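2 protein chains.
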Amino acid sequence: MTKLDESDIIKIFQKKLGNKNFVSEDVEIFKLSKSKVIAKTDTLVESTDIPPKMKLSDAARKSIVACVSDFAAKGIRPQYGIISVNFPSDISRSKIEDAANGFRKACKEFGISILGGDTNEGREIVFNVCLFGSSDGIIPRRGSKNKDLIFTTGPFGYTAAGLDILLHKKSGKRDFVKKAVQSVLHPKPPMSFGIRNKRYFSSAMDSSDGLSTTLNEMAKQSKKKFVITNSLHKKDLETHAKMQKLNIDNLVFHGGEEYEFVFTINPKHKQTVLKNARLLKTPIIEIGYVTAGKGVVLQRNNKEIILKDAGWKHFR
Amino acid sequence: MTKLDESDIIKIFQKKLGNKNFVSEDVEIFKLSKSKVIAKTDTLVESTDIPPKMKLSDAARKSIVACVSDFAAKGIRPQYGIISVNFPSDISRSKIEDAANGFRKACKEFGISILGGDTNEGREIVFNVCLFGSSDGIIPRRGSKNKDLIFTTGPFGYTAAGLDILLHKKSGKRDFVKKAVQSVLHPKPPMSFGIRNKRYFSSAMDSSDGLSTTLNEMAKQSKKKFVITNSLHKKDLETHAKMQKLNIDNLVFHGGEEYEFVFTINPKHKQTVLKNARLLKTPIIEIGYVTAGKGVVLQRNNKEIILKDAGWKHFR
């Protein structure tokens with residue numbers, strides 16, 4: 003194996019990302035059409051965020067997805083990106099190409115142009131992505147009103163079950179395992195749905211740190227109480243949870259990494275939003291409503307169970 | 003020692019950076035006054051970029067300085083920043099506070115507002131900084147003309163000597179050691195000088211990858227020959243190099259991390275630029291001239307010695 007130096011790595015990224023300008027100026031310069039700049043950065047770290055069986059191309063794509071998901075939840079289209087990568091010094095050319103392919107694939111998928119980046123040597127692989135867009139404003143985390151309906155995109159729980167399968171070599175029904183693992187390796191943030199429905203959302207937030215974290219944060223920022231009345235998972239998750247003796251609330255509320263989002267709407271917009279969801283083939287679920295008070299509760303058998311914030315936190 | 007979780011770390015950063023918004027929205031939103039956005043990212047990795055005796059506050063400051071230096075070379079004032087940090091899970095509160103203090107100090111020093119960031123767990127410390135500014139244009143790397151004069155800010159060679167002292171426990175004259183080590187731990191990019199003189203530069207580039215890399219890149223992008231006629235170092239570097247049997251050209255041209263910059267000007271602007279340098283107390287050196295041809299040569303005793311690009315590259 004020939005040892006690669008930095009210029010080899012830069013060449014691979016230039017070629018794959020179709021960008022001759024990758025690292026050819028001291029700074030990146032770009033035009034954004036509207037009045038405000040929207041930016042989001044996210045970091046994917048090998049030892050913490052790359053489970054077994056995940057290819058570097060999927061990891062690279064996922065580092066873009068993590069930012070796209072936040073843009074989607076705010077109703078903004080990301081336009082440009084800057085990528086910083088750390089690789090160990092003994093990494094192979096094929097792994098670097100695999101990573102660059104993943105970035106290219108994700109950029110094509112979400113319509114992002116890469117402006118440039120930064121390549122570094124480090125003890126482990128780190129992908130840091132910063133995406134940019136522009137808009138006059140964003141859908142805030144705060145902003146929900148009494149009687150607003152609470153929705154989420156996508157059913158929940160597959161990623162937590164999928165991570166459990168990958169990390170602890172668990173088994174399950176073949177179709178379920180495939181679906182759950184795919185949700186970890188190839189998440190699909192509902193970008194078009196977020197952008198299309200922006201005007202109808204009173205508040206919204208990405209769910210990737212865990213649904214319990216997202217719901218509590220939104221309730222707290224709006225100074226409201228969020229009442230969850232409906233189920234957020236599908237039957238196959240229930241079957242798997244029973245089989246594997248997993249707590250279904252843990253899978254649904256505290257797993258994270260779904261890259262779906264939670265949003266609230268005035269009831270008058272319900273039919274429009276449902277129609278748009280059908281058109282874009284984005285599954286959405288009405289999960290509850292907003293009311294005066296504080297915190298998040300699960301309404302079950304006419305009782306209210308408090309849902310604490312127990313989503314993903316680093317260093318825990 | 004109490005183990006810190008992510009929210010503890012975020013709180014430390016919020017407090018130190020005087021920014022309640024650090025991680026309180028899905029995305030960062032900011033306004034830039036002019037028509038184009040200028041962005042630059044840089045990564046500082048513990049195993050590669052933090053020499054012995056460097057405090058985390060200095061490392062944090064240096065990760066900002068690395069970006070500021072690129073802005074300075076392009077004549078742009080950075081206005082906003084996003085910071086992503088990786089810390090090992092067993093890091094102490096005092097080290098995190100030290101890092102946050104370094105970021106705060108650097109932001110104050112260069113007038114940068116931190117918009118937000120991202121905290122992660124990883125095997126080693128990584129600081130990734132992305133800075134933003136706005137401008138109608140930048141001073142390009144290409145753009146020098148025949149007969150333009152070539153200048154650099156600051157004398158060169160101290161950082162390479164300083165790194166050698168820190169990494170290999172070398173000694174030297176007390177005053178020199180202090181000066182050389184300080185150039186590594188506390189670099190001062192000439193930001194005001196770059197911004198003030200923007201209109202007079204036909205081309206410019208940050209020197210932090212090594213002067214030989216910078217000069218060759220600028221010559222190549224302009225399709226010109228750069229002739230270096232003057233010396234770029236001071237007497238004390240020569241004395242140290244002789245004492246320690248170090249090659250002075252290696253120290254001056256191939257070390258890197260100076261965070262100074264190279265610029266070219268039409269001779270008619272020479273007096274104005276020299277006057278501005280005096281006013282801002284920025285030491286600058288006229289080192290040569292631009293002519294037809296290609297590559298970079300050192301003119302010594304009426305001979306031309308080719309200066310190859312042998313600056314810093316990761317993975318080498």
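Note that the protein sequences, when read in sequence, are chains A and B. Residue numbering for the first sequence follows the numbering used here, starting at 3 and increasing by one per position. Residue numbering for the second sequence follows the numbering used here, starting at 3 and increasing by one per position. Idealized CB from N, CA, C, for every residue including glycine. Remember, predicted model here, so these are calculated numbers, not experimental data.
Cβ-Cβ separation, V264 (chain A) to M193 (chain A) (assumed contact under 8 Å), whole Å
In the first sequence, residue 193 (chain A) corresponds to position 191, counting from 1. In the first sequence, residue 264 (chain A) corresponds to position 262, counting from 1. Actually they do not touch by this definition, with Cβ atoms about 16 Å apart.
For N122 (chain B), I'd like the list of residues in its chain whose CB is within less than 6 Å of its CB, leaving aside the five on either flank, ordered along the chain.
Taking the second sequence and counting its residues from 1, one reaches residue 122 (chain B) at position 120. N88, listed in sequence order.
Interface residues of chain B around D208 (chain A) at Cβ under 7 Å?
Within the first sequence, residue 208 (chain A) is the residue found at index 206, counting from 1. D28, listed in chain order.
Output, in sequence order along the chain, the residues in the region 34 to 53 of chain A whose CB is closer than 9 Å to any CB in chain E.
Protein chains A and B are contained in the structure displayed, whereas chain E is not.
Member of A:G139, A:V292 and A:F255 whose CA lies at the smallest distance from the CA of Q223 (chain A)
Counting from 1 along the first sequence, the entry for residue 223 (chain A) is found at position 221. Nearest option by C-alpha distance: A:V292.
At least 3 beta-carbon pairs within less than 8 Å: the region 61 to 80 of chain B vs the region 117 to 137 of chain B
yes
Once you ignore the five residues that flank V128 (chain B) on each side, which residues in its own chain have a CB closer than 6 Å to its CB?
Here residue 128 (chain B) corresponds to residue number 126 of the second sequence, with the count starting at 1. V47 and N88, listed in sequence order.
Among B:E126, B:E259, B:I141 and B:L34, nearest to F73 (chain B) - alpha-carbon criterion
As a working mapping, residue 73 (chain B) is identified with position 71 in the second sequence. The shortest Cα separation from F73 (chain B) among B:E126, B:E259, B:I141 and B:L34 belongs to B:I141.
Please check the pair G174 (chain A) and G212 (chain A), which I expect to be a contact at CB under 8 Å, by giving their CB distance rounded to whole angstroms.
Residue 174 (chain A) sits at position 172 when you count from the first residue of the first sequence. Residue 212 (chain A) sits at position 210 when you count from the first residue of the first sequence. In fact, because the Cβ distance is near 21 Å, the residues do not count as touching under 8 Å.
Return the first residue and the last residue of the beta strand (DSSP E) that R302 (chain B) is part of.
By 1-based counting over the second sequence, the position of residue 302 (chain B) is 300. R302 (chain B) -> beta strand (DSSP E) spans G297 to R302.
Status (buried if at least 16 other CB within 10 Å, exposed otherwise) for I307 (chain A)
As a working note, residue 307 (chain A) is residue 305 in the first sequence. Label assigned to I307 (chain A): exposed.
Alpha helix (DSSP H) runs contained entirely in the region 220 to 253 of chain A, provided each spans 4 or more residues:
237 to 245
Hey, out of A:G290, A:S185, A:R176 and A:S146, whose CA is closest to G164 (chain A)'s CA?
Here the question's residue 164 (chain A) lines up with position 162 in the first sequence. Looking at the Cα atoms, A:S185 is the closest of the given residues.
Y261 (chain B) - DSSP class collapsed to helix/strand/coil
By one-based count along the second sequence, residue 261 (chain B) stands at place 259. It is coil, neither helix nor strand.
Short CB-CB distance (under 7 Å) between I31 (chain A) and chain B:
As a position in the first sequence, residue 31 (chain A) is number 29, starting the count at 1. Yes - at least one Cβ of chain B is within 7 Å of the one on I31 (chain A).
First and last residue of the uninterrupted beta strand (DSSP E) at V292 (chain A):
Position 290 of the first sequence holds residue 292 (chain A). Unbroken beta strand (DSSP E) run through V292 (chain A): I286 to T293.
With a 10 Å radius around its C-beta and 16 neighbouring C-beta atoms as the bar for buried, classify G113 (chain B) as buried or exposed.
Position 111 of the second sequence, counted from the first residue, corresponds to residue 113 (chain B). It counts as exposed.
With 16 as the cutoff for other CB atoms within 10 Å, does T266 (chain A) come out buried or exposed?
On the first sequence, position 264 is the one that residue 266 (chain A) refers to. Counting Cβ neighbours within 10 Å, T266 (chain A) comes out buried, since at least 16 surround it.
Use the C-beta contact count for R280 (chain A): other C-beta atoms within 10 angstroms, 16 or more gives buried, fewer gives exposed.
The residue given as residue 280 (chain A) occupies position 278 in the first sequence. Flag for R280 (chain A) reads exposed.
With a threshold of 8 Å, are at least 3 pairs of Cβ atoms found where one atom belongs to the region 177 to 191 of chain B and the other to the region 270 to 278 of chain B?
no
Alpha carbon of L282 (chain A) to alpha carbon of P157 (chain A), nearest angstrom
Counting from 1 along the first sequence, the entry for residue 282 (chain A) is found at position 280. Counting from 1 along the first sequence, the entry for residue 157 (chain A) is found at position 155. Computed Cα separation, rounded: 16 Å.
The region 100 to 121 of chain A: positions lying closer than 9 Å to chain B by Cβ:
L117, G118, G119, D120 and T121
Have a look at R125 (chain A) and Y160 (chain A) and give me their C-alpha separation to the nearest angstrom.
Your numbering for residue 125 (chain A) matches position 123 in the first sequence. Your numbering for residue 160 (chain A) matches position 158 in the first sequence. Rounded to whole angstroms, the separation of the alpha carbons of Y160 (chain A) and R125 (chain A) is 31 Å.
Residue from B:I230, B:D251, B:D150 and B:R144 whose Cα sits closest to the Cα of E219 (chain B):
Numbered from its first residue, the second sequence carries residue 219 (chain B) at position 217. Taking only the C-alpha atoms, the option nearest E219 (chain B) is B:R144.
Would you please state the rounded distance, in angstroms, between the beta carbons of S49 (chain B) and D100 (chain B)? I believe it to be under 8 Å.
What you label residue 49 (chain B) is simply residue 47 of the second sequence in a count that begins at 1. What you label residue 100 (chain B) is simply residue 98 of the second sequence in a count that begins at 1. About 18 Å; that fails the 8 Å criterion.
Would R125 (chain A) pass as an interface residue toward chain B - the criterion being a Cβ-Cβ separation below 7 Å?
Here residue 125 (chain A) is taken as the residue at index 123 of the first sequence, counted from 1. Yes, its Cβ sits closer than 7 Å to a Cβ of chain B.
Nearest neighbour of D177 (chain B), chosen from B:G297, B:S210 and B:H242 [CA to CA]
Here residue 177 (chain B) corresponds to residue number 175 of the second sequence, with the count starting at 1. D177 (chain B) has its Cα closest to that of B:H242, out of B:G297, B:S210 and B:H242.
Closest to K247 (chain A) by C-alpha separation, out of A:N103, A:I167, A:A41 and A:V131, would be which residue?
The count along the first sequence starts at 1 and reaches residue 247 (chain A) at position 245. Measuring from the Cα of K247 (chain A), the nearest candidate turns out to be A:I167.
Can you tell which of A:V254, A:A221 and A:K171 has its C-alpha closest to the C-alpha of D350 (chain A)?
With chain A running from 3 to 318 in the structure shown, residue 350 (chain A) is simply not present.
Got a sec? Which residues, its chain only, sit under 6 Å from K17 (chain A) by beta carbon, not counting five neighbours each side?
In the first sequence, counting from the first residue as 1, residue 17 (chain A) sits at position 15. Contacts found: none.
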